[in-house]
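First up is the structure itself, then whatever we jot down about it.
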Amino acid sequence: MIELVIPRDMNWKNEVLSGLTVALALVPEAIAFAFVAGVDPSVGLWAAFFVGFITSVLGGRPGMISGATGAMAVVMTAFVVVYGLEFLFAAVILCGILQITCGILGIAKFVCLLPHTVMLGFVNGLAIVIGLAQFKQLQSGHELQFNALTQSFDVVGQWISGGELLVTTIIIAVTMAIIHYLPKLTKAVPGTLVAILAVTMLVQFTPITSVTVDQSVAKMKTIAAEKAEKTRLFETEKQSLAFSEINNLGLDIAERTIDTSEIDKQDNNSRVAGYFAIPAIPFTLESLSIIFGLAVTLAAIGLIESLMTLTLIDELTESKGSGKREAIAQGAANMVSGLFGSMGGCAMIGQSMINIRSGGRHRLSGITASAFLLAFILIPPLWKCIGLIPVAALIGVMFIVVIATFEWTTLRLWNKIPTSDLAVIVAVSTITVIFDLAIAVAAGVAISALVFAWKSSQQIEVEISEEDGVKTYEIKGELFFGAVTSFRNIFTPQDDPDVVYIEFKSTRVCDHSALEAINVVCAKYRALKKTVILTNLSADCQTLINKAEPLMDVTIGEQDLHTPA
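Per my numbering, the very first residue in the sequence shown carries number 69; after that it's consecutive.
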């Protein structure tokens, strides 16, 4: 249910100003992620509004900011080139349906099973990704180069230098200094908002020059239009060529001069973002098969990033959010995004950190941010004001976010935690940077599970005693697939007496592999005409054996009813 009661501890001023600060930071991020996905900037801006507003109203974590994200944008790029925007919008709608289903089924609760080392790797990896993305803003003179390996056109720029680099560095440093030191003087207004306004006025009313948001957006639109047109030409002309000639075609098209002013934008965007329309794709099983893979990937990335960000914000605010509610809200937001011609999204750790640092703790900050963003989109004079902000100021803001997001304590964990745990942190961080979050988390969980299985397999122990011609093996530890080899090696059927007891009072039979190992050991003794009796099996172990009775040939002896299950 939506919270209808206004929290008593809510500071209206902090919530509204924090929302404005977040909205200012959302604009270039949404545009940049739209560029990554290969779509028009308006597709990213509308996604930031729809996802941000719906999750702020309905989501399970007040204070968390959602919008168009790089993690989801990256996996959209190739899909848009091959199938076009309409199929992308359909995939985003299906992604939303899958996320709602996951929320209803309570799948969100499984995020609590993620090891802390995976969480640390996730946070550090995202901090690095955010930081690296800012350095890309320090490039100019962008042009397209053909990538023969991926058969696509990559945007390549030159690093700025000389006076331009010096001015940009100073602006970044001033922005970061204001954000860091202003809260020590006053907390009446968010330091981030003051920094953005101060640096903008510095650039506008002094001889200092710096690339602004408006100039950056114009540049991205131009290069995006050129990329879309060259990709279209490449896909069209390569159809009639032999495979060996395709790379030469790509190199030739990359060198061509394209007049982007003559490109009809409606050819690249089948509809205008922000208007309701059912995706214009055939409603067939073939269409479903095309969008299903991308939808599953987007749903997984979105849920993982959102739920892990939710957990992080829970820790920072010492409060508790609802993963189930957040999953349902995010699914609803993505469904609406797809129906209104935008690219969808999920929680944004960077903007969420800005919001928390600026005093945003409740739903009002997210709703305000979305409202300001909508105003920027629809009201040209406001957009012109946003366009005056130096890109360097926003880079400074995001660098502060990087510093606050990165778990610096992990640098002190060397030689203080098991090597396997340190390896998981490094692996998840690295894979997040190189590939994407979903792969990184899956790899981290897999590594952690394998390490746990290996360590547990080494903990199987036995106490052996022999009295009156009867030998007893008292097993201790968890008996599961990883420990069955050690379990089988414990026994010496050739040397044992005719009667052997296997005592399970201090162990637990966990899976079918364990049952099979017990069956194999008993079979070895039977082959030698010897008797094996299993004693003191816990209740759940007996249940397992009873279920597998047709496959088992064992003798169960007296059970200690007081043995704990």
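Built from N, CA and C at the ideal position, the CB exists for glycine as well.
Could you give the distance in angstroms between the alpha-carbon of residue i and the alpha-carbon of residue j?
{"i": "residue 326", "j": "residue 259", "result": "43 angstroms"}
{"i": "residue 108", "j": "residue 291", "result": "11 angstroms"}
{"i": "residue 123", "j": "residue 488", "result": "37 angstroms"}
{"i": "residue 170", "j": "residue 402", "result": "14 angstroms"}
{"i": "residue 612", "j": "residue 549", "result": "15 angstroms"}
{"i": "residue 129", "j": "residue 480", "result": "31 angstroms"}
{"i": "residue 141", "j": "residue 559", "result": "57 angstroms"}
{"i": "residue 658", "j": "residue 274", "result": "Because the chain is modelled from 69 through 633, residue 658 falls outside the range shown and cannot be assessed."}
{"i": "residue 423", "j": "residue 173", "result": "30 angstroms"}
{"i": "residue 150", "j": "residue 296", "result": "11 angstroms"}
{"i": "residue 533", "j": "residue 139", "result": "59 angstroms"}
{"i": "residue 143", "j": "residue 177", "result": "25 angstroms"}
{"i": "residue 592", "j": "residue 598", "result": "9 angstroms"}
{"i": "residue 233", "j": "residue 206", "result": "8 angstroms"}
{"i": "residue 380", "j": "residue 467", "result": "19 angstroms"}
{"i": "residue 156", "j": "residue 365", "result": "12 angstroms"}
{"i": "residue 470", "j": "residue 212", "result": "29 angstroms"}
{"i": "residue 429", "j": "residue 85", "result": "12 angstroms"}
{"i": "residue 486", "j": "residue 535", "result": "42 angstroms"}
{"i": "residue 425", "j": "residue 382", "result": "14 angstroms"}
{"i": "residue 504", "j": "residue 372", "result": "11 angstroms"}
{"i": "residue 175", "j": "residue 392", "result": "8 angstroms"}
{"i": "residue 338", "j": "residue 148", "result": "Only weak support exists for where residue 338 lies, its pLDDT of 48 falling under 50; the value from the coordinates is given anyway. Straight-line Cα distance between these residues: approximately 12 angstroms."}
{"i": "residue 294", "j": "residue 264", "result": "31 angstroms"}
Apply the 10 Å Cβ neighbour rule to residue i and answer buried if 16 or more other Cβ atoms are within range, or exposed otherwise.
{"i": "residue 284", "result": "buried"}
{"i": "residue 588", "result": "exposed"}
{"i": "residue 555", "result": "buried"}
{"i": "residue 82", "result": "buried"}
{"i": "residue 244", "result": "buried"}
{"i": "residue 614", "result": "exposed"}
{"i": "residue 98", "result": "buried"}
{"i": "residue 607", "result": "exposed"}
{"i": "residue 354", "result": "exposed"}
{"i": "residue 359", "result": "buried"}
{"i": "residue 537", "result": "exposed"}
{"i": "residue 431", "result": "buried"}
{"i": "residue 181", "result": "exposed"}
Less than 7 angstroms between the beta carbons of residue i and residue j, yes or no?
{"i": "residue 547", "j": "residue 491", "result": "no"}
{"i": "residue 112", "j": "residue 101", "result": "yes"}
{"i": "residue 636", "j": "residue 133", "result": "Residue 636 is absent from the structure shown; the chain starts at 69 and stops at 633."}
{"i": "residue 161", "j": "residue 406", "result": "yes"}
{"i": "residue 515", "j": "residue 530", "result": "no"}
{"i": "residue 159", "j": "residue 411", "result": "no"}
{"i": "residue 146", "j": "residue 413", "result": "no"}
{"i": "residue 460", "j": "residue 236", "result": "yes"}
{"i": "residue 596", "j": "residue 565", "result": "no"}
{"i": "residue 634", "j": "residue 96", "result": "Look at the range of the chain in this structure, 69 to 633, and you will see that residue 634 is not part of it."}
{"i": "residue 257", "j": "residue 246", "result": "no"}
{"i": "residue 125", "j": "residue 475", "result": "no"}
{"i": "residue 417", "j": "residue 194", "result": "yes"}
{"i": "residue 239", "j": "residue 278", "result": "yes"}
{"i": "residue 552", "j": "residue 585", "result": "yes"}
So is residue i in contact with chain B if we call contact Cβ pairs under 7 angstroms?
{"i": "residue 199", "result": "Going by chain labels, chain B is absent from the structure shown, which holds only one protein chain."}
Check: At which residue ranges does the segment 500-569 contain complete alpha helix (DSSP H) runs of 4 or more residues, listed in the order of the chain?
Finding: 505-525, 552-558
Note to self: In chain order, what are the residue ranges of uninterrupted alpha helix (DSSP H) at least 4 long that sit wholly in the segment 165-217?
What the structure shows: 184-203
Checklist line | Validate contact between the segment 436-447 and the segment 243-255 using beta carbons, cut 8 angstroms, 3 pairs | finding: no
Next item on the list: Determine contact between the segment 365-384 and the segment 179-190, defined as no fewer than three beta-carbon pairs at a distance below 8 angstroms.
Entry: yes
Next item on the list: Tell me, please, whether the segment 425-439 touches the segment 159-173 by the rule of three or more beta-carbon pairs shorter than 8 angstroms.
Entry: no
Notebook entry, point to check: Can at least three beta-carbon pairs, one atom from the segment 217-228 and one from the segment 295-305, be found at a separation below 8 angstroms?
Noted result: yes
Notebook entry, point to check: Counting pairs of beta carbons, one from the segment 338-356 and one from the segment 314-325, are three or more of them closer than 8 angstroms?
Noted result: Counting Cβ pairs under 8 angstroms, fewer than three are found: no touch.
Next item on the list: For the segment 446-458 and the segment 493-503, state whether three or more C-beta atom pairs, one from each stretch, are separated by less than 8 angstroms.
Entry: no
Note to self: Between the segment 562-582 and the segment 591-608, can you find at least three pairs of beta-carbon atoms closer than 8 angstroms?
What the structure shows: yes
Check: Going along the chain, which unbroken runs of the beta strand (DSSP E) with 3 or more residues stay wholly within the segment 208-272?
Finding: Entirely contained in the segment 208-272, the beta strand (DSSP E) runs reaching 3 residues are, in chain order, 220-227.
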